[in-house]
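S.K.: If you read the sequences in order, they're chains A and B. Throughout the first sequence, residue numbering follows my numbering, covering 33 to 197 in sequence. Throughout the second sequence, residue numbering follows my numbering, covering 1113 to 1617 in sequence.
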Amino acid sequence: MDASRPRVPGELVFALAMLVFGLTALWQAWRISGLSSWSAPGVMPMVAAAVMSASALVFLRNTLRSPKPEIPAGSSLARQFAHQVLPLPIVMFTALIVVYMLALEPLGFIISSFAFLAASMFTLGSRRIVFTLVISALSLAAIYLVFQTAFSVVLPEGVLRGVLR
Amino acid sequence: MSEALSYFFMSWTDPYLLFLTAAGTFAGIYIGAIPGLSVTMAVSILISFTFKWHVNEALALIAGIYLGGVYGGSRSAILLNIPGAPAAIATALDGYPLAQRGEAGVAIGLTTVVSVLGGFIGIIALAVAAPQLSKLSLLFAPRDYLLLAIWGILLVGSLSGESMAKGVFAGAVGVLLGMVGLDPLTAEGRFTFGSIQLTGGIPYVAAMIGFFGVAEVLVQLHHLGVTPVKQNVSKILPSWALMRKYLPLGLRCSSIGVVIGALPGAGGDIAALMAYDHAKRTTRNPSRPFGEGAYEGLVAPESANNAAVGGAYIPMLTLGIPGDAVTAVIIGALYIHGLKPGPMMLIETPHLFWFCVGNLTLANIFLLPMGLSGIRIFAKIVETPKPILLPLILVLSAVGTYAIQNNPVDIYWMLGFGVFGYFLKMYGFQVGPVILGIILGPLMDVSYRRAMISTGDDPLAFLGEFFTAPISAVLVVALAVTILSQTSLWRALTGRGGGAKAPAI
């Protein structure tokens, strides 16, 4: 199956990165206790890292053997990577998640989640503005009530500290 | 015995537990049915919300969701040709053609009945086999746990991904992640890079939600434009004649489901594919050719995947080894509740076992009326557009991760694992083995070292015991068979038509 499927753009780089990951882990595992004894703390990490490196090598070999990615005329590998692996919605959505995470504590759960829900629904193509805002608000209210009451989860209050409850 | 009975009926008589089980089953059906929401995802997010609850309440909710979710995937498979859950991939092959013929109602009805049948077979197997296996498990030496853990990771790694190398890689990454932190035997730091935070290990709930929630959401962003087709459903209850006719096949496939489910690592999705294959090979005169709407093609996978639920509980409750990805997450939940899944659990906390059995039975009973009703409303909910659904899943994931220890850093971990999981999925890896590795890694490490220390650090004596001790020898053979048969099994699993992709766990 591996051999017949053309490479996904970036697969070769990913395979190399995983091999480096495995070898770095192996080196770090060696530094735990070396081979001081057969039952030392570092033995199982070394085994796991060695298995990782070996299977990453097999993955790399299979990737090298498989046909190159299909690149239509006028496109480049980088463009195909952006198109197939990291299209714009995914990059933007991930960026929104990062902003959401950073805003969660200072702004509090309610404001940051509402902003995130509305912004990401628009980004992903929900075009009805009022509908999106209402859905965001309603679902957020449901999440908030369920988790505050049924699950007694303490959510960050942020700037709304003291306003609620 | 009377004590066992009272624990068995605990969730039946306590109104709150009864409500939680019903709510869980109901929610599970919809979670399983909505493409993009998986049972594993839901259970991992829920764990962090329920950790302040009593363990019974958490287990009641999770059992309902698990059983309902495995069944629920079949609905969208039949109505929309989109398997709502990996375990329903085989169901879509014959279910959707049935819907196209206007027989969606009968298909859903038959599916519900055989799912409940499979569920009961699985639970009976659990009730009968687990106490026996538990007695046997006391004879298991540390090296046997090592073998079982390796076997589990290999099974899920080899059966569910693009290639064995990728499965093994994902498993090894998990094992490595599982060993970050203080060594349980010597309290030496491993892979901590001088960070105090890391001495506590990787926050594994954040890892679970990242790999199963965030990574899946990111992958789903590729399919934003897919709009589901609307369906009409009328007659739902299948006739007695139809049910009687498929009872033998249902029973056979249920036993396949139990066995596959009980194997460490392999769960409902693999069981369903195996059962579908079994039905295809053994049925002489299917109601219609397979792939064009054969009832057999519905009965086989749907009885098997629900039977696998009871099966997967067997190694979890007796050995502390997960039967599939969901039970791996449940084991995480048990740890959070201060329980130690393993051979002593049935002896120290027998009530927990009977509670689980009774609870699963109850959830399975709820499945019948809930499965046969509400299909019209259901069709609406499943059509929730992805631009609305995916951001909501992400907020739930973030809240779930945060709730576990009120630490915003965990959310960064979640996103990090989510992005890593996304790339793994894009390049044909599965994330199921990573989670099994995280759960099983510490067990492997401790088991290996106990076994090695018990032979006085003599590697030859250590290796020798694998062949001289009877239990170990059996496990070594099982392990060898798994590796050797992998290529032909693989062909058998992927050789089926319909362009079904490898199941994602």
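Virtual Cβ for every residue (Gly too), placed ideally from N, Cα, C. Since this is a predicted model, take the numbers as computed values, not measurements.
Determine the chain B residues that contact residue 136(A) at a beta-carbon separation under 8 Å, and present them in chain order.
M.R.: The answer, in chain order, is 1510, 1514, 1520, 1523.
S.K.: Pull up the distance between the alpha-carbon of residue 1219(B) and that of residue 1247(B), whole angstroms please.
M.R.: In a straight line, the C-alpha of residue 1219(B) is about 42 Å away from that of residue 1247(B).
S.K.: Residue 1195(B): which of 1384(B), 1475(B), 1513(B), 1427(B) sits nearest, CA to CA?
M.R.: Minimum Cα distance to residue 1195(B) is reached at 1384(B).
S.K.: Look at the alpha carbon of residue 1215(B) and the alpha carbon of residue 1437(B), and state the distance between them as a whole number of angstroms.
M.R.: Taking the straight line joining both Cα atoms gives about 33 Å.
S.K.: Which term fits residue 1589(B), buried or exposed, when burial requires 16 or more other beta carbons within 10 angstroms of its beta carbon?
M.R.: Exposed: under 16 other Cβ atoms inside 10 Å.
S.K.: If you drop the 5 nearest sequence neighbours on each side, which residues of the same chain put their C-beta closer than 7 Å to that of residue 1193(B)?
M.R.: Excluding sequence neighbours, residue 1193(B) sits near 1204, 1208.
S.K.: Helix, strand or coil for residue 51(A), going by three-state DSSP, please let me know.
M.R.: Three-state result, residue 51(A): helix.
S.K.: Which residues bound the alpha helix (DSSP H) around residue 1456(B)?
M.R.: First-last for residue 1456(B): undefined, no H or E at that position.
S.K.: Quick one: which chain B residues come within Cβ less than 8 Å of residue 166(A)?
M.R.: Those do not exist, as residue 166(A) stays about 11 Å from chain B at its closest Cβ, beyond 8 Å.
S.K.: Under 6 Å Cβ to Cβ from residue 1431(B), same chain only, skipping five residues before and after it: list those, please.
M.R.: Excluding residues within five positions, the ones whose Cβ falls inside 6 Å are 1249.
S.K.: Give me, in chain order, the residues of the same chain whose beta-carbon lies closer than 6 Å to that of residue 1224(B); leave out the 5 immediate sequence neighbours on both sides.
M.R.: Closer than 6 Å at the Cβ level, and outside the excluded window around residue 1224(B), lie 1483, 1484.
S.K.: In three-state terms, what does DSSP make of residue 1302(B)?
M.R.: Here residue 1302(B) sits in strand by DSSP.
S.K.: Quick one: which unbroken alpha helix (DSSP H) runs of 4-plus residues sit fully inside the stretch 85 to 129 of chain A? Chain order, please.
M.R.: Runs found: 109 to 116.
S.K.: For residue 1301(B) versus residue 1528(B), is the C-beta spacing smaller than 8 Å?
M.R.: No, they are not a contact pair.
S.K.: Please state the DSSP three-state secondary structure of residue 1326(B).
M.R.: The answer is helix: DSSP assigns residue 1326(B) an H, G or I state.
S.K.: Quick one: which residues of the stretch 1126 to 1158 of chain B get their C-beta closer than 8 Å to a C-beta of chain A? List them in chain order.
M.R.: Answer set for the stretch 1126 to 1158 of chain B: empty.
S.K.: Could I get the ranges of all uninterrupted alpha helix (DSSP H) runs contained in the stretch 1180 to 1249 of chain B, with 4 residues as the minimum, in chain order?
M.R.: With a minimum length of 4 residues, the continuous alpha helix (DSSP H) runs that stay inside the stretch 1180 to 1249 of chain B are 1201 to 1212, 1216 to 1249.
S.K.: Count the CB pairs spanning the stretch 173 to 191 of chain A and the stretch 1509 to 1524 of chain B that are closer than 8 Å, and state whether there are at least three.
M.R.: Yes: the two stretches touch, three or more of their Cβ pairs being nearer than 8 Å.
S.K.: Since residue 1483(B) sits in a beta bridge, which residues does DSSP pair it with?
M.R.: The partner list for residue 1483(B) (beta bridge, DSSP) is empty, contrary to what the question assumes.
S.K.: With 16 as the cutoff for other CB atoms within 10 Å, does residue 38(A) come out buried or exposed?
M.R.: When all chains shown are included, residue 38(A) counts as exposed.
S.K.: Quick check on residue 80(A) - is its C-beta less than 8 Å from some C-beta in chain B?
M.R.: For residue 80(A), the answer is yes, since a Cβ of chain B falls inside 8 Å of its Cβ.
S.K.: Taking one C-beta from the stretch 1519 to 1539 of chain B and one from the stretch 1310 to 1330 of chain B each time, how about it: are there three or more such pairs within less than 8 Å?
M.R.: The answer is yes - the stretch 1310 to 1330 of chain B touches the stretch 1519 to 1539 of chain B, with three or more Cβ pairs under 8 Å.
S.K.: Considering Cα atoms alone, identify which of 1255(B), 1176(B), 1238(B), 1285(B) is closest to residue 78(A).
M.R.: For the residues 1255(B), 1176(B), 1238(B), 1285(B), the minimum Cα distance to residue 78(A) belongs to 1285(B).
S.K.: Under 8 Å, Cβ to Cβ, is there at least one residue of chain A near residue 1564(B)?
M.R.: Closer than 8 Å to some Cβ of chain A, the Cβ of residue 1564(B) qualifies, so yes.
S.K.: Measure the Cβ-Cβ separation of residue 1457(B) and residue 1442(B) and say whether it is below 8 Å.
M.R.: No. Outside cutoff.
S.K.: Indicate whether at least one CB of chain B lies closer than 8 Å to the CB of residue 157(A).
M.R.: Yes, its Cβ sits closer than 8 Å to a Cβ of chain B.
S.K.: Give the residues of chain A in contact with residue 1677(B), contact being defined as C-beta atoms less than 8 Å apart.
M.R.: Any property of residue 1677(B) remains undetermined from this structure, which presents chain B solely from 1113 to 1617.
S.K.: Following the continuous alpha helix (DSSP H) through residue 159(A), name the residue where it begins and the one where it ends.
M.R.: Element bounds for residue 159(A): n/a, residue is neither H nor E.
S.K.: Can you list, in chain order, the residues of the stretch 1477 to 1503 of chain B whose Cβ is nearer than 9 Å to any Cβ on chain A?
M.R.: Residues passing the 9 Å Cβ filter: 1497, 1498, 1499, 1500, 1502, 1503.
S.K.: So is residue 1311(B) in contact with chain A if we call contact Cβ pairs under 8 Å?
M.R.: Closer than 8 Å: no.
S.K.: For the alpha helix (DSSP H) containing residue 1571(B), name the first residue and the last one.
M.R.: Counting along the chain, the alpha helix (DSSP H) containing residue 1571(B) begins and ends at 1571 to 1580.
S.K.: Just tell me which of 1140(B), 1310(B), 1373(B) has its CA closest to the CA of residue 1421(B).
M.R.: The candidate whose alpha carbon is nearest that of residue 1421(B) is 1373(B).
S.K.: Give a yes or no on whether 8 Å exceeds the smallest Cβ distance from residue 1123(B) to chain A.
M.R.: With 8 Å as the cut-off, residue 1123(B) does not count as an interface residue toward chain A.
S.K.: Taking the CB atoms as reference points, tell me whether residue 1434(B) and residue 1333(B) lie closer together than 8 Å.
M.R.: Contact flag unset, no.
S.K.: According to the neighbour-count rule (16 or more other Cβ atoms, all chains shown, within 10 Å of its Cβ), is residue 161(A) buried or exposed?
M.R.: That one is exposed.
S.K.: Answer yes or no: does any C-beta atom of chain B fall closer than 8 Å to that of residue 73(A)?
M.R.: Chain B contact via Cβ: present.
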